[in-house]
Amino acid sequence: MLTHNQLRQGSRVEIDSLPWIIVGADFVKPGKGQAFTKIKIKNLIDGRVIERTFKSSETVAKADVIDTEMQYLYSDGEFWHFMDPGSCEQVALTNVQVGDALSWLKEQEAYQVTLWKGKAIAVQAPQFVILTIAQCEPGVKGDTVSGATKPAVLETGATVKVPLFVNEGERIRVNTLTGEYVERAK
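In our numbering, the protein residues as written are 1230 to 1415.
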């Protein structure tokens, strides 16, 4: 059980028999009355975001979720299939469960899959991924201004802005949290 002062951003809690992750937490101590913590939580199953308030005397159950590394196999259009490399057990996740990681999924790569009560409920891409540029316009010499960028479509279908010197077919490192180009991959 977590007390109100242990409710921090990133903590996983169980409320109304569902797993949630705290995306924002504010401790409030009014001049008159009891202190409370106001949290913003995101449902790990369907992605809903709500706000809740907890008095200093209340406790919240910690969610029994496990993050395990699984290998992305393929998509059949409706489901995205992952495999546990240790047991070769496969799980299928929906578009909602894959969420933001969808733009960065590359076959045969490892991703963090969140399990709740033995069932896969979410996927998280690593912070940085290395992807190949599938399509981008060539940079024109003399068409440069400080920090000039151009759009590039990656092998996963995601579009990122890259510097003019980066060309089609090159491998680049992308930050999956911001969706921004970081550097050329070695």
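Note that the Cβ used here is the ideal one computed from N, Cα and C, for glycine as well. These figures come from a predicted structure and were not determined experimentally.
**Item:** Pick from 1381, 1385, 1400, 1403 that is closest to residue 1393, judged by C-alpha positions
**Value:** 1381
From the DSSP output, in three-state form, read off residue 1253 for me. strand
Next on the checklist: Within a Cβ cutoff of 7 Å, which residues of the same chain sit near residue 1272, ignoring the five residues on either side of it in sequence?
Outcome noted: 1247, 1249
- Alpha-carbon spacing of residue 1390 relative to residue 1354, whole angstroms: 19 Å
From the DSSP output, which residues share a beta bridge with residue 1304? 1309
By the DSSP assignment, the alpha helix (DSSP H) with residue 1341 in it spans what residues? Counting along the chain, residue 1341 falls outside any alpha helix (DSSP H), though it belongs to the beta strand (DSSP E) covering 1339-1345.
On the criterion of 16 or more Cβ atoms from any shown chain inside 10 Å, does residue 1279 qualify as buried, or is it exposed? exposed
**Message:** Considering Cα atoms alone, identify which of 1406, 1330, 1244, 1285 is closest to residue 1269.
**Reply:** 1244
With burial defined as no fewer than 16 other Cβ atoms inside 10 Å of the residue's Cβ, what is the status of residue 1303: buried or exposed? exposed
request  = Evaluate the contact criterion for the stretch 1293-1312 versus the stretch 1340-1358: three or more CB pairs, one atom per stretch, below 8 Å.
outcome  = yes
Within 10 angstroms of the Cβ of residue 1317, are there 16 or more other Cβ atoms? Answer buried if so, exposed if not. exposed
- Query: Are the CB atoms of residue 1360 and residue 1383 nearer to each other than 7 Å?
  - Reply: yes
- Classify residue 1358 as buried or exposed, calling it buried when 16 or more other Cβ atoms lie within 10 Å of its own Cβ. buried
* Asked: Within this structure, are the beta carbons of residue 1281 and residue 1254 separated by less than 7 Å?
  -> no
Three Cβ pairs or more, each shorter than 8 Å: is that satisfied between the stretch 1292-1300 and the stretch 1329-1346? yes
* Asked: If we call anything under 7 Å between Cβ atoms a contact, is residue 1362 one with residue 1307?
  -> no
Rounded C-alpha distance that separates residue 1386 from residue 1242: 34 Å
Query raised in the report: How is the beta strand (DSSP E) around residue 1404 delimited, first residue to last?
Result: 1400-1404
Check: Quick one: is residue 1283 buried, meaning 16 or more other Cβ sit within 10 Å of its Cβ, or exposed?
Finding: buried
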